[in-house]
Amino acid sequence: ASGVVAAAETHPDSLLLNAYAGILWMLLEAAEAPANAQAFLDRAQGLASRASAREQAVVAMLAAWVADDVPEVLRLCDAILADDPRDLLTAAFAHYHQFNRGDFPAMLRTMTRVLPHLDDVSEAHGMAAFAYEQCHLLDEAEAAARRALELRAANPWAQHALAHVMLTQGRIDEGAAFLEGRRAGWTGLNSFMLTHLWWHLALFRLSQGRGDEALAIYDDHAWAVAKDYSQDQIGAVSLLVRLELAGVEVGDRWDELGGWLAARAEDTLQPFLTLQYLYGLARAGRPEADRLLVAVRVEAANAPD
36 ASGVVAAAET
46 HPDSLLLNAY
56 AGILWMLLEA
66 AEAPANAQAF
76 LDRAQGLASR
86 ASAREQAVVA
96 MLAAWVADDV
106 PEVLRLCDAI
116 LADDPRDLLT
126 AAFAHYHQFN
136 RGDFPAMLRT
146 MTRVLPHLDD
156 VSEAHGMAAF
166 AYEQCHLLDE
176 AEAAARRALE
186 LRAANPWAQH
196 ALAHVMLTQG
206 RIDEGAAFLE
216 GRRAGWTGLN
226 SFMLTHLWWH
236 LALFRLSQGR
246 GDEALAIYDD
256 HAWAVAKDYS
266 QDQIGAVSLL
276 VRLELAGVEV
286 GDRWDELGGW
296 LAARAEDTLQ
306 PFLTLQYLYG
316 LARAGRPEAD
326 RLLVAVRVEA
336 ANAPD
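In my numbering, each residue's number is its place in the sequence shown (first place is 1) plus 35.
What follows is the structure, encoded as structure tokens:
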């Protein structure tokens, strides 16, 4: 991600580089993201008059994203995919918003639409695997994940989807062995993907009754990379919750995590994230929990019908 942003700064005349740099800023999932994305959006919009229809659609998608118009983002993703169903990056952006909206059938529709055109692409099958799993079509999810891993054994998203399937089906020892056998290849991943794969291994260890090992994974891997990033933070919250529910003593870890969550005291950008920030702040006994609860109530009162 940082490479794309740096390249966009070096190439101000590249519309797509600047549009994608702006989108990467939006994936920060933080209040400052739209302002950081705006400079790249302005640059891309300045180049749009000489651009292709697809390039203009990508710029429009970023503009809608900055404006928090998710339905328009998804409409534009749909239009881009209608023109080029091999555009897996646009399918990934659609998946991101569909998942955040809890619209798992839409995730699957996106993948069934593009997959016939991407049968040779491991990442497409990995994305399909997760969409199937979210729709609780576990056999189909496993088949898609296995196909993805045949094409590229190191595909982390396919490994992740298969871990979901195995945990749901109670294949605990198999799942633990599967991730253990793959973890040496978890290199060059972004913090979310790296920490989340370790998170899944921790759940298998916890299910095996090996709480001390799960806690060590929290300390050494799941909460040890980008502590200011939204996804790493909620991963830490959700893993500590599970450890405590399983009877593992977590010591002062809530206090340490709460210090990082304090900056989220008014963060209502995404409900899925906000509720986990709120739990973590409350469990840590932080006063910011009260502020965030007030912000949630205000947001709920002003939400459209």
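From the three backbone atoms N, C-alpha and C, an ideal C-beta is built for every residue, glycine too. It should be emphasised that the depicted structure is a prediction, and the values quoted were computed from it without experimental measurement.
- Our two residues, D287 and L275, have alpha carbons roughly 11 Å apart in a direct line.
- Positions of the alpha helix (DSSP H) runs, each at least 4 residues long and wholly inside the segment 77 to 146, are given as 88 to 101, 105 to 118 and 123 to 135 in order along the chain.
- The residues L186, in chain order, have a CB closer than 8 Å to that of D155 in the same chain once the five nearest residues on each side in sequence are set aside.
- Under the three-state reduction of DSSP, H231 is assigned to helix.
- N337: member of the alpha helix (DSSP H) spanning E323 to N337, first to last residue.
- In summary, G244 is exposed, with fewer than 16 beta-carbon neighbours lying within 10 Å of its beta-carbon over all protein chains present.
- By alpha-carbon distance to W221, the top candidate from A188, M142, L143 and D48 is A188.
- Distance from the CA atom of Y55 to the CA atom of H46, rounded to whole angstroms, is 12 Å.
- Distance check between R78 and each of R240, L308 and S49 places S49 closest, using alpha-carbon atoms only.
- Linking V93 to E301 through their CA atoms gives a straight-line distance of about 30 Å.
- The C-beta distance from F213 to L197 rounds to 7 Å, short enough to fall under 8 Å.
- Under a 10 Å Cβ-count criterion, T309 is classified as buried, with 16 or more other Cβ atoms of the shown protein chains found around its own Cβ.
- The beta carbon of S242 lies closer than 7 Å to those of I207 in the same chain, with the five residues before and after it left out.
- Ranking G81, V333, N71 and D118 by CA distance to the CA of W100 puts N71 first.
- A324 is positioned such that its CB atom lies no closer than 8 Å to that of L278.
- Distance check between A271 and each of P306, L313 and L304 places L313 closest, using alpha-carbon atoms only.
- Pairing L150 with D290, the inter-Cα distance amounts to about 45 Å.
- For N53, the enclosing alpha helix (DSSP H) stretches over residues L50 to M61.
- In terms of Cβ geometry, D267 and V260 form a close pair [threshold 8 Å].
- Annotated three-state conformation of A281 is coil, per DSSP.
- Between G282 and the set A298, D247 and Q311, the nearest pair of CA atoms involves D247.
- Remark: C-beta atoms of L173 and A211 do not approach each other more closely than 8 Å.
- Within the segment 235 to 291, complete alpha helix (DSSP H) segments of at least 4 residues are found at 246 to 252 and 265 to 280, given in chain order.
- In this structure, DSSP gives L224 a state outside helix and strand, which the three-state scheme calls coil.
- Distance from the CA atom of A319 to the CA atom of L292, rounded to whole angstroms, is 8 Å.
- Leaving aside the five residues that flank A86 on each side, the residues in its chain whose CB is nearer than 6 Å to its CB run, in chain order, L50.
- Of the residues I252, W234, V285 and F227, the one whose Cα lies closest to the Cα of Y264 is F227.
- Where V40 is concerned, the enclosing alpha helix (DSSP H) starts and stops at S37 to T45.
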